Amino acid sequence: QQLSVSKSLGGIFDVDVESISRRNHGTHLRMSAEPDEEKKETTWDRITGPKLFKTVTNLEGIHSVPLVPLRIMTGLLMVHHGSEGGIGPANFGTPEFQGFVDYIIKPYFSFLPGSPELWSAIHDYAEFYGGIFFALGFLTRPAALSLLVTMLSAVYFHLSATGLQGFPLGHVSNYSYDFEEPLLYSLIFLFFWFNGAGPASVDSVIYGAISEEEDE
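Counting from -15, one number per residue, gives the positions in the sequence shown under the numbering used here.
In structure tokens:
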């Protein structure tokens, strides 16, 4: 009788251990599976979560896409700037071109050698053709450098004519913040001078054809 009781207890004990083991094993599987399940990130998470403070340090792939409209629109605006007095650059004899000579080059850039009309024409050619090259992304770095020089010259002119206009907290009565626009242009051209044209550009096509570097 004692032996049968022991067998019965042993059988019950074995069943309990086995069921407990199965339950523990199932719990372990669920717990081990949970970390592998990634929570789907929502737009709200990106706005309010840690990625709000994340900085992009590699301007490749999708992160380079905004460079395309920035480059194209900036180049087209430069084409517009270089069209003094008509369609195309350096429209000699027009009131607009002569006004640039008389009111900007002569009073503020008289230290330059050569005729004021020559420098006015160089300014127009740099902005017009440099803007076209810049928009196309062709010879982008030389174009950006020439446009950078013209914009820094514009910054010099505006600072000489109107000063800082109360920058950074002062208010300009006629809402004409003169030096700020060419300064922003200068920073854009400086960026592309260092980084190149980016995607959707003639430069990227040429580089892909002639470069011997292996893709990483």
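Yeah, the Cβ is synthetic: ideal placement off N, Cα and C, and Gly gets one too. These numbers come from a predicted model, not from an experiment.
Going by alpha carbons, who is nearest to residue i out of the options?
i, options, result
"P126", "S137, A138, Y140, E111", "E111"
"L131", "G70, H47, V63", "V63"
"L136", "S160, I172, F118", "I172"
"F117", "L60, Q82, T78, E164", "L60"
Apart from the five residues just before and just after residue i, which ones in its own chain have a Cβ nearer than 6 Å to its Cβ?
i, result
"E44", "none"
"K90", "P100"
"V139", "F163, P166, L167"
"T146", "D162"
What residue range is occupied by the uninterrupted alpha helix (DSSP H) comprising residue i?
i, result
"F37", "No alpha helix (DSSP H) contains F37, which DSSP labels as neither H nor E."
"P126", "124 to 146"
"V189", "186 to 194"
Helix or strand or just coil, what does DSSP make of residue i?
i, result
"K90", "helix"
"Y109", "helix"
"A119", "helix"
"T26", "coil"
"P166", "helix"
"N75", "coil"
"G83", "helix"
"F151", "coil"
"G69", "coil"
"S104", "helix"
"N158", "coil"
"G114", "helix"
"F95", "coil"
What residues in its chain sit with their C-beta under 7 Å from that of residue i, if we drop five residues either side in the sequence?
i, result
"V52", "G182, P183, A184"
"I56", "A119"
"A17", "With a pLDDT of only 48 at A17, under the threshold of 50, the placement of this residue in the model should not be trusted, and no figure is reported."
Once you ignore the five residues that flank residue i on each side, which residues in its own chain have a CB closer than 8 Å to its CB?
i, result
"G66", "P73, H107, D108, Y109, A110, E111, F112, Y113, G114, G115"
"S170", "L132, M135, L136, V139"
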